[in-house]
Amino acid sequence: MSANRVPARLEHVGIVVEDLGVAKAFFTELGLELQGEMTVEGRVVDLITGLAGVRSDVAMMRTPDGHGCLELIRYQTPVGPAGDSAAPANTPGLRHILFEVADLDDVVERLRKHGAELVGEVAQYEDNYRLCYLRGPAGIIVELAEKVG
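Residue numbers (numbering that gives the first Met the number 0): 0 to 148.
The following block contains the structure:
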C-alpha cells in the first residue's frame, strides 16, 4: 500500500427493513446493543441516496466488542420496491452477515422466537466451526459460527 493511501475501515453495514421494531429485537437477541435512533430527512439525505423526499427511521446497533455496527433503516418515504425476502444465498448482492457465537444451538433457538428460520442445516466445517444460515427480518441471511475443538 502506498504511503498516500489510507486503509479503509468498515464503519457499518446498512440494512433496509420493513419493521424496525422486529429487526431491533432480533439483533438485540443476537447480542447487539442499540446505540441510538433517529429520523433522517432533507436535501443532504436525498442527495446521498439519489432519492427525492426521503424520510427514514434509523437504529444503530453495535456489536458487544464495539468494532461492528449495523444501521437498520426503515424508509417512511419514498416507498421502495418490494424485495425478495426469500432470495436464495447465491443471489447476486449482499447475501449474508456472519456472527461468531459461543453456543450456536442456544442462539438458533433464541432467534427462532423472533421469527428466524434455518436456511439449510447446522453443519460442521472440518474441525474448526459449526455453521448455519438463518433467515431473519426482511429476509436477511445471518450466518452463525461456533468455534469447536
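For each residue, glycine too, the CB sits at the ideal point set by N, CA and C.
Check                                                                                                                                                            : Outcome
Please name the residue in E99, L143, G41 and R8 whose C-alpha comes closest to that of T76.                                                                     : G41
Inspect the beta-carbon positions of E145 and Y132 and report whether they are closer than 7 angstroms.                                                          : no
Enumerated in chain order, which unbroken segments of the alpha helix (DSSP H) with a length of 4 residues or greater are wholly contained in the region 88-123? : 103-111
Rounded to whole angstroms, what's the CA-CA distance from G148 to Y124? Just pull it up for me.                                                                 : 11 angstroms
Are there 16 or more other CB atoms within 10 angstroms of the CB of V43, so buried, or fewer, so exposed?                                                       : exposed
Use the C-beta contact count for L103: other C-beta atoms within 10 angstroms, 16 or more gives buried, fewer gives exposed.                                     : buried
What does a CB cutoff of less than 8 angstroms around M37 pick up in its chain, not counting 5 residues either side in sequence?                                 : D56 and V57
Pairs of beta-carbons, one from the region 63-70 and one from the region 100-119, closer than 8 angstroms: are there three or more?                              : no
From M0 to P6, what distance separates their C-alpha atoms?                                                                                                      : Bear in mind that a pLDDT of 48 at M0, under 50, signals an unreliable position, so the number given afterwards is only what the model happens to contain. So the alpha carbons of these two residues sit roughly 8 angstroms apart.
Rounded to whole angstroms, what is the Cα-Cα separation between I47 and V39?                                                                                    : 12 angstroms
If you follow the beta strand (DSSP E) that A144 is in, where does it begin and where does it stop?                                                              : I140 to K146
How far does the beta strand (DSSP E) with D165 in it reach, from first residue to last?                                                                         : Residue 165 is absent from the structure shown; the chain starts at 0 and stops at 148.
Taking the C-alpha atoms as reference points, what is the distance between V16 and I72?                                                                          : 6 angstroms
Thinking L31 and L93 are a contact (beta carbons under 8 angstroms), I'd like their distance in whole angstroms, please.                                         : Rounded, the Cβ-Cβ distance is 18 angstroms, inconsistent with contact.
Which term fits L97, buried or exposed, when burial requires 16 or more other beta carbons within 10 angstroms of its beta carbon?                               : exposed
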